[in-house]
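Worksheet: the structure to be examined is printed underneath.
In the numbering used here, the protein residues as written are 7 to 263.
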């Protein structure tokens with residue numbers, strides 16, 4: 007047993023030594039693609055857990071093009087040898103950034119990230135358990151990306167589904183009908199779990215879900231920003247549609263009381 011433990015320790019040290027060298031071997035498109043130090047540590051941890059030996063890493067900073075205001079996005083591809091042969095994993099990272107002052111009072115970014123982590127790391131396991139118990143066919147199950155344990159209130163680290171053909175629509179284009187149908191189906195499945203868990207696992211629901219803190223404040227600040235956004239958005243509408251939209255905006259406080 008002592009010999010096995012010594013061998014295991016040597017292997018672990020070799021992997022750690024390999025991780026110390028990986029950032030000398032990375033392939034980046036620009037200096038901006040460099041990961042923050044805490045994310046480098048997260049990647050090191052993933053490499054050790056995945057059993058890579060002196061892997062190659064490619065890091066790309068993903069341009070957000072105005073479609074994301076709460077994170078810096080990275081794609082990290084890791085490939086190399088393991089004791090079981092060649093292996094490659096593709097990672098997507100959403101790293102939180104300071105919130106613009108005009109939005110700072112509207113939500114707590116750390117709470118948003120913590121709630122998202124909870125869904126990926128905890129709640130998704132409950133989803134799978136319930137689906138297994140109900141023998142839900144694989145093709146009908148709720149689909150969710152793999153989340154790495156290194157995710158935190160600072161960064162969400164996921165499997166990069168773009169490598170499997172998934173994509174998000176351009177925010178400036180009309181969303182295809184099929185895309186909308188699939189999105190609504192997944193949202194319906196996600197929301198249905200709330201009712202199921204509340205009925206079948208009331209203890210878990212009370213302890214883990216109903217007590218989740220509100221991460222957004224839908225008060226006066228939120229309403230002011232939404233009104234400004236709506237007024238800006240209707241500028242390109244036809245005159246008839248614009249008049250109808252203006253009536254709604256003027257009476258939004260009445261509708262939302």
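Virtual Cβ for every residue (Gly too), placed ideally from N, Cα, C.
- The alpha-carbon separation between residue 127 and residue 186 amounts to approximately 26 Å.
- Taking C-beta atoms under 8 Å as the contact rule, residue 233 and residue 253 fail to qualify, at a distance of about 13 Å.
- In this structure, the beta-carbon distance from residue 41 to residue 52 does not fall below 8 Å.
- DSSP, read as helix, strand or coil, puts residue 210 in helix.
- Between the region 175-182 and the region 143-153, the count of C-beta pairs closer than 8 Å stays below three; the two stretches do not touch.
- Fully enclosed alpha helix (DSSP H) runs of no fewer than 4 residues occupy 130-139 of the region 128-180, in order along the chain.
- Annotation for residue 102: the continuous beta strand (DSSP E) segment containing it runs 91-102.
- In this structure, residue 103 sits away from residue 79, with a CB-CB distance that is not shorter than 8 Å.
- Separation of the CB atoms of residue 101 and residue 168 is rounded to 17 Å, and the pair is thereby denied contact status at 8 Å.
- By the criterion of at least three beta-carbon pairs nearer than 8 Å, the region 119-137 is in contact with the region 200-207.
- Per DSSP, the beta-bridge partners of residue 67 are 80.
- Residue pairing from DSSP places residue 88 in a beta bridge opposite 91.
- Going by C-alpha positions, residue 105 is about 17 Å away from residue 220.
- Ranked by how close their Cα comes to the Cα of residue 56, the residues 46, 87, 249 have 87 in first place.
- By the Cβ neighbour-count rule, residue 141 is exposed, with fewer than 16 other Cβ atoms within 10 Å of its own.
- Here residue 94 is exposed: its Cβ has fewer than 16 other Cβ atoms, across all protein chains shown, within 10 Å.
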